[in-house]
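One line per chain: the protein sequences are A and B, in this order. Read in this note's numbering, the first sequence has 840 at position 62, and its numbers run on one by one without any break. Read in this note's numbering, the second sequence has 783 at position 5, and its numbers run on one by one without any break. Glycine included, C-beta positions come from ideal geometry on N, C-alpha and C. A quick note: this is a predicted structure, and the numbers were derived from the prediction, not measured.
There are 2 protein chains.
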Amino acid sequence: MTLTALETLDDTARALLFTEARTANSFADRPVTDDELHGIWELTRFAPTMANSQPLRVLFVRTDEGKARLLPHIAEGSNRNKAQAAPVVAVLAYDADFHEQFRVTFPDRAEMFVKSFGAMPAEAREPISKYSAALATGQFFLAVRAHGLAAGPMAGFDTAGIDAEFFAGTPWKSHLVVNIGHPGTDAWFPRLPRVDVADAVRWA
Amino acid sequence: MTLTALETLDDTARALLFTEARTANSFADRPVTDDELHGIWELTRFAPTMANSQPLRVLFVRTDEGKARLLPHIAEGSNRNKAQAAPVVAVLAYDADFHEQFRVTFPDRAEMFVKSFGAMPAEAREPISKYSAALATGQFFLAVRAHGLAAGPMAGFDTAGIDAEFFAGTPWKSHLVVNIGHPGTDAWFPRLPRVDVADAVRWA
């Protein structure tokens with residue numbers, strides 16, 4: 779690729795992804811296809827991560843059986859109700875042993891990376907994984923919207939319970955649950971205020 | 779807003795933001811305007827965060843004086859050279875005292891949130907702030923690209939050194955440095971491989 783002059787994003791796309799994008803609190807009774815979910819991952823997987831480590835992992839829960847296993851671990855009340863109503867719930871995880879993938883993701887430096895990250899205690903390696911997974915999660919939200927779908931991220935769930943139910947014996951550790959679907963009636967709460975620019979941005 | 783049928787993102791925008799988007803390793807000698815940087819923040823600030831906490835903070839370094847203060851804290855070699863050549867270097871920080879902003883960002887629940895997060899020890903509150911800041915950072919990369927600019931995120935820098943130089947006496951803590959500019963000649967390395975979908979995505 780020798781592209782040097784890049785396009786800019788048009789106003790429709792800016793509205794879709796950023797300025798009009800909202801967290802959905804209800805979902806229409808309209809299915810989300812596995813093709814759409816594959817498509818969401820096909821965009822998300824290009825997110826930049828530390829040393830191309832790509833530690834984000836996704837479990838798409840969309841069957842009745844899957845929902846029955848998931849829902850007891852979601853906080854009772856509005857969070858559980860929303861997850862129940864959403865056509866799909868994505869459990870986002872990070873791979874605590876992401877360094878095992880460097881032979882795939884960074885072949886030229888794999889030996890060095892596998893050794894150095896492998897030598898770290900898990901409690902030092904996990905925050906690194908979670909941070910890069912969070913970078914990719916920010917792009918996951920926009921990949922959902924790119925498919926004309928709405929996302930509803932929720933932190934109110936029992937991470938240990940979900941990990942034991944779905945990820946036992948694996949290095950996957952859940953960090954966020956995201957409801958996905960077509961927005962329902964009154965899906966959006968009023969937009970909450972933003973931090974004042976003067977408090978968020980500085981110049982040097 | 780009563781929008782219930784959402785658009786999908788067209789192929790040009792998908793290429794710009796996701797499938798053809800790359801980390802830039804060199805920059806053209808073409809300035810980036812403060813208006814463009816304001817525009818990047820105007821998109822980034824809508825990223826979803828835990829309880830609308832919006833803990834991401836940005837320092838845009840684009841003057842010679844700013845660069846002179848910044849560069850000694852960037853890892854010597856290719857990282858420092860890239861930061862020196864980039865028209866703008868964004869230092870991304872998280873606000874360790876993000877809860878002080880809840881009176882602005884979540885007025886209805888401000889008292890409860892300020893009290894509960896304020897009662898946490900800093901070492902419990904900071905990872906929460908850093909995680910939500912990382913979610914917004916993933917969207918920051920795409921906001922840069924939405925402006926026809928390329929981003930080059932780097933983790934190789936001295937966080938304590940940058941924090942002492944720029945953020946002394948404030949609760950801002952640096953977590954990533956991002957070079958920003960128009961891509962230069964040979965700006966892109968060959969695309970590195972992705973984790974196999976079967977290793978990254980599960981279904982239930």
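CA-CA distance, Pro833/A to Ala912/A, rounds to 9 Å.
Between the beta-carbon of Pro931/B and that of Phe805/B there is about 14 Å, and that puts the pair past the 8 Å contact cut. Between the alpha carbons of Val975/A and Glu820/B lies a gap of roughly 9 Å. Between Pro971/B and Val882/A, the CB-CB gap stays under 7 Å.
Pairing Val869/A with Leu837/A gives a Cβ-Cβ distance under 7 Å. Proximity of His925/B to chain A, defined by a Cβ-Cβ separation below 7 Å, is satisfied. With its beta carbon at least 7 Å from every one in chain A, Pro865/B lies outside the interface. Val866/B sits in a strand when the DSSP states are folded into three classes. The closest CA to that of Leu927/B, considering only Leu784/B, Ala802/B and His877/B, is found on Ala802/B.
About 4 Å separates the CB atoms of Ala874/B and Pro949/B; that is less than 8 Å, so the two are in contact.
Three or more Cβ pairs drawn from the segment 903-912 of chain A and the segment 821-828 of chain A lie within less than 8 Å of each other, which places the two stretches in contact. Under a 10 Å Cβ-count criterion, Glu904/B is classified as buried, with 16 or more other Cβ atoms of the shown protein chains found around its own Cβ. The C-beta distance from Arg847/A to Val866/A rounds to 14 Å, too long to meet the 8 Å contact threshold.
By alpha-carbon distance to Arg980/B, the top candidate from Arg792/A, Thr915/A and Gly844/A is Gly844/A. Take the alpha-carbon of Ile852/A and the one of Ile940/A: they are about 9 Å apart. Membership of Ile958/A in the beta strand (DSSP E) is indicated by the continuous run Trp950 to Gly959. For a Cβ distance threshold of 9 Å, residue set Leu795, Phe796, Gly916, Gln917, Phe919 and Leu920 of chain A lies close to Gln917/B, ordered along the chain. In this chain, Phe838/A is not harboured by any alpha helix (DSSP H); it is covered by the beta strand (DSSP E) spanning Leu834 to Val839. Counting along the chain, Trp819/B sits inside no beta strand (DSSP E); it lies in the alpha helix (DSSP H) bounded by residues Asp812 to Thr822. Interface criterion not met: the Cβ of Asn957/B is under 7 Å from no Cβ in chain A.
Under the three-state reduction of DSSP, Gly844/A is assigned to helix. Under the three-state reduction of DSSP, Pro905/B is assigned to helix. With a cutoff of 7 Å on beta-carbon distance, Ser952/A and Thr937/A are scored as near each other. The CB of Thr801/B comes closer than 7 Å to the CB of Pro826 in chain A, given here in chain order.
According to the DSSP assignment, Gly939/A belongs to the alpha helix (DSSP H) that extends over Thr937 to Phe944.
The contact set of Gln832/A on chain B, defined by CB atoms closer than 8 Å, consists of Arg972, Val973 and Ala978 in chain order. In this structure Ala929/B is buried. Its beta-carbon is surrounded by 16 or more other beta-carbon atoms within 10 angstroms.
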